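Chains A and B supply the protein sequences, listed in that same order.
Everything in the first sequence is counted per UniProt numbering, starting at 1 for the first residue and increasing by one.
Everything in the second sequence is counted per UniProt numbering, starting at 1 for the first residue and increasing by one.
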Amino acid sequence: MTATVALSGVGKRFRTVEAVRDVSFSLDEGEIVALVGHNGAGKTTLMKLMLGLIQPTAGSVRVLGEDPASGAFAARRRLGFLPESVSFNTALTGRETLAFYARLKGEPVGEALALLERVGLGAAGSRRVGTYSKGMRQRLGLAQALIGAPRVLLLDEPTTGLDPALRQSFYEILQELRGRGTTILLASHALSELEGETERVVIMNRGAMVADGSLAELRRLARLPVRVRLTAVGGLDGLAGRFADCGPLQRVNGHAVEIAVDDARKIEVVRRALADETRIEDIEVTPPSLDELYAHFLRSGEARP
Amino acid sequence: MRTILIIAGKEIRDGLRNRWVLATTLLLAGLALSLTFLGAAPSGATGAQPLDVVIVSLSSLTIFLLPLIALLIAHDAVVGEVERGTMLLLLSYPVGRSQVILGKFAGQVAVLGFATFVGYGAAAAALLASGAEIDATSWLAFAAMIGSSVLLGAAFVAIGQFISAASRDRGTAAGIAVGVWLVFVLIYDMGLLGLMVMDQGRTVTAPVLNALLLANPTDAYRLFNLTGFANVSQFAGMAGLAGSAAMSPSLLLGALGAWALAPLALATLAFSRREL
Numbered sequence: 001m002t003a004t005v006a007l008s009g010v011g012k013r014f015r016t017v018e019a020v021r022d023v024s025f026s027l028d029e030g031e032i033v034a035l036v037g038h039n040g041a042g043k044t045t046l047m048k049l050m051l052g053l054i055q056p057t058a059g060s061v062r063v064l065g066e067d068p069a070s071g072a073f074a075a076r077r078r079l080g081f082l083p084e085s086v087s088f089n090t091a092l093t094g095r096e097t098l099a100f101y102a103r104l105k106g107e108p109v110g111e112a113l114a115l116l117e118r119v120g121l122g123a124a125g126s127r128r129v130g131t132y133s134k135g136m137r138q139r140l141g142l143a144q145a146l147i148g149a150p151r152v153l154l155l156d157e158p159t160t161g162l163d164p165a166l167r168q169s170f171y172e173i174l175q176e177l178r179g180r181g182t183t184i185l186l187a188s189h190a191l192s193e194l195e196g197e198t199e200r201v202v203i204m205n206r207g208a209m210v211a212d213g214s215l216a217e218l219r220r221l222a223r224l225p226v227r228v229r230l231t232a233v234g235g236l237d238g239l240a241g242r243f244a245d246c247g248p249l250q251r252v253n254g255h256a257v258e259i260a261v262d263d264a265r266k267i268e269v270v271r272r273a274l275a276d277e278t279r280i281e282d283i284e285v286t287p288p289s290l291d292e293l294y295a296h297f298l299r300s301g302e303a304r305p
Numbered sequence: 001m002r003t004i005l006i007i008a009g010k011e012i013r014d015g016l017r018n019r020w021v022l023a024t025t026l027l028l029a030g031l032a033l034s035l036t037f038l039g040a041a042p043s044g045a046t047g048a049q050p051l052d053v054v055i056v057s058l059s060s061l062t063i064f065l066l067p068l069i070a071l072l073i074a075h076d077a078v079v080g081e082v083e084r085g086t087m088l089l090l091l092s093y094p095v096g097r098s099q100v101i102l103g104k105f106a107g108q109v110a111v112l113g114f115a116t117f118v119g120y121g122a123a124a125a126a127l128l129a130s131g132a133e134i135d136a137t138s139w140l141a142f143a144a145m146i147g148s149s150v151l152l153g154a155a156f157v158a159i160g161q162f163i164s165a166a167s168r169d170r171g172t173a174a175g176i177a178v179g180v181w182l183v184f185v186l187i188y189d190m191g192l193l194g195l196m197v198m199d200q201g202r203t204v205t206a207p208v209l210n211a212l213l214l215a216n217p218t219d220a221y222r223l224f225n226l227t228g229f230a231n232v233s234q235f236a237g238m239a240g241l242a243g244s245a246a247m248s249p250s251l252l253l254g255a256l257g258a259w260a261l262a263p264l265a266l267a268t269l270a271f272s273r274r275e276l
């Protein structure tokens with residue numbers, strides 16, 4: 001694996017605002033990485049730094065072995081970017097727009113126009129972009145990012161405005177690109193949306209990186225409790241008492257309790273519940289959701305000095 | 001160079017699509033034609049060449065109109081794209097910021113040049129069609145007028161680019177553009193006149209006055225067209241001034257050229273410092 005994007009100790013200050021501070025991570029070939037954080041957490045700033053649109057005030061950024069802000073454009077030809085809420089010149093048609101961007105990258109126009117079919121805009125290609133819906137503009141944005149088979153794709157909030165079917169085909173395109181060794185960085189403010197699509201997550205909070213790892217790793221690190229819900233036949237008499245030592249317990253209604261159990265002890269709780277076979281009717285085990293995981297890392301990030 | 005041409009091409013296509021080209025050409029042609037025919041009535045008996053009359057009236061028109069059109073087109077070039085969000089995407093491509101400025105400048109000057117050439121050419125064509133005789137010197141003066149008009153337009157496109165690159169938002173850019181137009185086209189000359197009256201020739205000597213005239217692109221343009229050709233200057237009532245003017249046509253053209261290049265360099269500088 002070779003790193004296509006490498007950030008070390010990167011900081012960026014806009015006058016009085018410190019948009020990003022001390023961020024270090026590197027992205028490998030064929031990796032889909034989610035960059036998650038609230039609005040204003042520094043995701044877009046990081047992308048601009050990788051594009052070389054702004055210079056870091058501290059640390060260094062390398063993209064495809066180049067400093068993107070150096071003014072050399074070799075790396076930018078191998079780079080695709082989809083900005084947040086992408087906009088185009090409304091007077092031009094979809095085909096004209098794509099042809100313009102293909103020429104700027106020095107790529108054959110015919111190949112670029114084929115991308116319109118790929119994102120499902122083949123029929124709308126001769127219409128003006130001004131008549132496009134938000135989802136269509138987003139797809140045109142994706143098509144321009146894919147021009148010239150980029151080795152690094154930076155996508156800022158790529159799935160906003162896409163309906164579930166389009167979202168599915170969007171992720172299919174990404175998986176195919178990843179198979180060919182493209183590094184894909186997806187910025188999003190919601191982690192749950194990206195479940196199943198990314199193997200690695202970088203969480204940003206107020207300009208600082210608070211987590212970096214696979215979802216399984218992050219789960220382990222967070223040590224968030226698993227929720228076990230027990231439904232009993234008849235009343236709950238004595239049930240609460242027998243599980244009191246497992247973790248914080250909460251009554252859901254007259255028939256059920258929910259226990260927040262440490263991940264390591266969840267089997268023990270389930271065994272105990274099964275032993276009580278006459279009374280326990282149903283067991284439901286819920287691992288922490290991605291949103292809970294995300295919230296956890298945001299909290300822990302804030303707790304730091 | 002290729003990149004500059006691609007951006008210029010897109011700028012021209014934009015101009016065609018949003019009907020800037022059409023509107024500007026029709027406006028200039030309409031005004032030029034009406035000036036030609038209105039101006040033809042009194043000139044009949046004086047023996048002045050009909051095209052020379054047209055040159056005098058058209059160059060006066062150009063001084064007001066072309067800077068305004070140029071600033072209208074150009075003031076939005078950078079700040080408009082930044083506000084609409086299209087600049088971020090454009091700059092993520094292998095495109096330098098100076099190439100963006102130069103490409104937009106080239107495209108907008110091409111649009112303006114086309115409108116001027118066709119619009120004013122229509123006036124000359126109408127004269128020919130009406131059976132007027134036009135000699136070679138008049139043709140030369142007319143060609144020089146069109147060329148210098150485009151150069152004047154280029155100077156104001158460059159000024160507009162600088163305003164656009166340096167302004168925080170579109171509203172500010174539009175306000176500054178209107179202010180710049182007022183200063184160069186109206187206020188500057190009035191101020192200069194007032195200064196000369198008050199000064200009574202003590203400090204504002206001929207060389208100082210010449211320098212002050214060169215410091216305004218519209219004055220350089222006016223002097224070039226109204227004094228540059230003897231047949232025209234006679235009719236423009238500028239013959240006396242033309243005789244005493246120490247400035248050669250090439251100096252005046254040079255000043256116009258400098259007025260296009262300097263703001264363009266400043267625009268590039270301002271844009272390269274801009275944080276997106």
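We put the CB at the ideal spot given by N, CA and C, even for glycine.
This structure is a prediction, so every number in the text was calculated from the model and none was measured.
Chain A within 8 Å of residue i, Cβ atoms only
{"i": "residue 3 of chain B", "result": "yes"}
{"i": "residue 14 of chain B", "result": "yes"}
{"i": "residue 6 of chain B", "result": "yes"}
{"i": "residue 168 of chain B", "result": "no"}
{"i": "residue 95 of chain B", "result": "yes"}
{"i": "residue 17 of chain B", "result": "yes"}
{"i": "residue 104 of chain B", "result": "no"}
{"i": "residue 45 of chain B", "result": "The predicted model places residue 45 of chain B with a pLDDT of 43, which falls under 50 and marks its position as unreliable, so this point remains unresolved."}
{"i": "residue 80 of chain B", "result": "no"}
Cβ of residue i within 8 Å of any chain B Cβ
{"i": "residue 304 of chain A", "result": "Note on residue 304 of chain A: pLDDT 49, under 50, position unreliable in the model; the coordinate value appears next. Chain B, which has no Cβ nearer than 8 Å to the Cβ of residue 304 of chain A, makes this no."}
{"i": "residue 101 of chain A", "result": "yes"}
{"i": "residue 91 of chain A", "result": "yes"}
{"i": "residue 88 of chain A", "result": "yes"}
{"i": "residue 83 of chain A", "result": "yes"}
{"i": "residue 105 of chain A", "result": "yes"}
{"i": "residue 341 of chain A", "result": "This structure does not reach residue 341 of chain A, given that chain A is present from 1 up to 305, and the question cannot be answered."}
{"i": "residue 62 of chain A", "result": "no"}
{"i": "residue 139 of chain A", "result": "no"}
{"i": "residue 4 of chain A", "result": "no"}
{"i": "residue 71 of chain A", "result": "yes"}
{"i": "residue 184 of chain A", "result": "no"}
{"i": "residue 298 of chain A", "result": "no"}
{"i": "residue 95 of chain A", "result": "no"}
{"i": "residue 127 of chain A", "result": "no"}
{"i": "residue 49 of chain A", "result": "no"}
Beta-carbon gap between residue i and residue j smaller than 8 Å
{"i": "residue 153 of chain A", "j": "residue 177 of chain A", "result": "yes"}
{"i": "residue 232 of chain A", "j": "residue 280 of chain A", "result": "yes"}
{"i": "residue 165 of chain B", "j": "residue 75 of chain B", "result": "no"}
{"i": "residue 91 of chain A", "j": "residue 141 of chain A", "result": "no"}
{"i": "residue 3 of chain B", "j": "residue 99 of chain B", "result": "yes"}
{"i": "residue 269 of chain A", "j": "residue 236 of chain A", "result": "no"}
{"i": "residue 27 of chain A", "j": "residue 185 of chain A", "result": "yes"}
{"i": "residue 73 of chain B", "j": "residue 118 of chain B", "result": "no"}
{"i": "residue 230 of chain A", "j": "residue 267 of chain A", "result": "no"}
Residue closest to residue i, alpha-carbon to alpha-carbon, out of the options
{"i": "residue 183 of chain B", "options": "B/98, B/130, B/101 and B/216", "result": "B/216"}
{"i": "residue 263 of chain B", "options": "B/162, B/191 and B/131", "result": "B/162"}
{"i": "residue 192 of chain B", "options": "B/180, B/219, B/178 and B/176", "result": "B/219"}
{"i": "residue 99 of chain A", "options": "B/229, B/83 and B/7", "result": "B/7"}
{"i": "residue 214 of chain A", "options": "A/61, A/203 and A/63", "result": "A/203"}
{"i": "residue 224 of chain B", "options": "B/92, B/149 and B/129", "result": "B/149"}
{"i": "residue 254 of chain A", "options": "A/264, A/220 and A/234", "result": "A/234"}
{"i": "residue 128 of chain B", "options": "B/25, B/36 and B/30", "result": "B/36"}
{"i": "residue 81 of chain B", "options": "B/253, B/169, B/265 and B/259", "result": "B/169"}
As assigned by DSSP and simplified to three states, the class of residue i
{"i": "residue 129 of chain A", "result": "helix"}
{"i": "residue 190 of chain B", "result": "helix"}
{"i": "residue 6 of chain B", "result": "helix"}
{"i": "residue 79 of chain A", "result": "strand"}
{"i": "residue 147 of chain A", "result": "coil"}
{"i": "residue 225 of chain B", "result": "helix"}
{"i": "residue 269 of chain A", "result": "helix"}
{"i": "residue 88 of chain A", "result": "coil"}
Closer than 7 Å: residue i CB and nearest the ligand HEM heavy atom
{"i": "residue 22 of chain B", "result": "In the structure on display, the ligand HEM does not appear, and there are no ligands present to speak of."}
**Request:** Evaluate contact between the region 73-80 of chain A and the region 110-124 of chain A, counting only Cβ atoms and requiring at least three cross-stretch pairs below 8 Å.
**Result:** Contact between the region 73-80 of chain A and the region 110-124 of chain A is absent, because fewer than three Cβ pairs lie under 8 Å.
**Prompt:** Touching or not, the region 10-17 of chain A and the region 50-63 of chain A, by the rule of three or more beta carbon pairs under 8 Å?
**Reply:** Taking 8 Å as the limit for Cβ pairs, the verdict is that the region 50-63 of chain A does touch the region 10-17 of chain A.
**Asked** Can at least three beta-carbon pairs, one atom from the region 137-156 of chain B and one from the region 48-59 of chain B, be found at a separation below 8 Å?
**Response** Verdict: yes, contact present.
**Prompt:** Is the region 41-52 of chain A touching the region 52-68 of chain B in the sense that three or more CB pairs, one from each, lie closer than 8 Å?
**Reply:** Contact annotation: the region 52-68 of chain B does not touch the region 41-52 of chain A, with fewer than three C-beta pairs closer than 8 Å.
**Prompt:** Should the region 286-299 of chain A be regarded as contacting the region 195-211 of chain A, the criterion being three or more beta carbon pairs within less than 8 Å?
**Reply:** The answer is yes - the region 195-211 of chain A touches the region 286-299 of chain A, with three or more Cβ pairs under 8 Å.
**Prompt:** Taking contact to mean at least 3 C-beta pairs separated by less than 8 Å, is the region 173-189 of chain A in contact with the region 89-105 of chain A?
**Reply:** Taking a contact to require three or more Cβ pairs closer than 8 Å, the region 173-189 of chain A and the region 89-105 of chain A do not qualify as touching.
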